[in-house]
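The structure appears right after this line, and notes come after that.
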Amino acid sequence: MSLAALGIALPACSSSSSSPAETLPATVGLEVHAVSGLKFDKTSYEVGAGDISVGYINDDSIRHTLVVVQGDTKVSGFELKVNKKGDIDSGSVTLAAGNYILLCTVPGHQNMKADLTVK
Ligand SMILES: [Cu+2]
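Using this note's numbering, you'd call the opening residue of the sequence shown number 301 and step up by one each time.
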């Protein structure tokens with residue numbers, strides 16, 4: 301084992317770049333794509349219970365959102381938005397085991413719906 305890397309000089313600041321963070325976190329537990337035809341890429345998703353990192357990718361050309369609903373109740377504090385093709389949003393939501401629905405809340409997109417099984 302070597303500690304020789306301790307002498308590396310880091311740049312003092314990085315004020316020049318302001319590119320948006322449009323990449324997925326390395327450890328996404330649930331990846332959902334919005335695709336053309338007002339739908340998600342799958343009709344059902346499955347993920348382990350707990351703190352779930354969700355990535356939402358827009359493969360369509362219009363704005364979409366992603367919320368989680370259980371019964372008639374939206375899971376509070378979680379909503380992802382992708383405004384245009386190629387947009388990526390991510391966030392985390394804590395879910396107990398159970399059956400949920402993924403929805404897009406944009407008016408007219410009520411067919412964007414998928415089952416989410418948390419186990
Ligand atoms: Cu939508």
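No residue lacks a Cβ here, since even glycine has one placed at the ideal position from N, Cα and C.
From a predicted model like this one, the values you see are computed outputs, not experimental measurements.
- prompt: In angstroms, rounded to a whole number, what distance separates the CA positions of residue 403 and residue 339?
  reply: What you label residue 403 is simply residue 103 of the sequence shown in a count that begins at 1. What you label residue 339 is simply residue 39 of the sequence shown in a count that begins at 1. Their backbone Cα atoms lie some 9 Å apart in a straight line.
field: Anticipated Cβ contact below 8 Å, residue 361 with residue 384, distance rounded
entry: Reading the sequence shown from its first residue, position 61 is the one you call residue 361. Reading the sequence shown from its first residue, position 84 is the one you call residue 384. Separation of the CB atoms of residue 361 and residue 384 is rounded to 7 Å, and the pair is thereby assigned contact status at 8 Å.
- request: Could you work out which residue in 348, 351, 356, 337 is closest to residue 323 when comparing CA atoms only?
  value: Residue mapping note: residue 323 aligns to position 23 of the sequence shown, counting from 1. When only C-alpha atoms are compared, the closest one is 356.
message: Threshold first: 3 residues or longer. Then list the beta strand (DSSP E) segments lying entirely within the region 385–411, N to C.
response: Those beta strand (DSSP E) runs which fall completely within the region 385–411 and span 3+ residues are 388–395, 398–403.
query: Which class does residue 323 belong to by DSSP, given the choice of helix, strand or coil?
result: Against the sequence shown, residue 323 aligns to sequence position 23. Coil at residue 323, not helix or strand.
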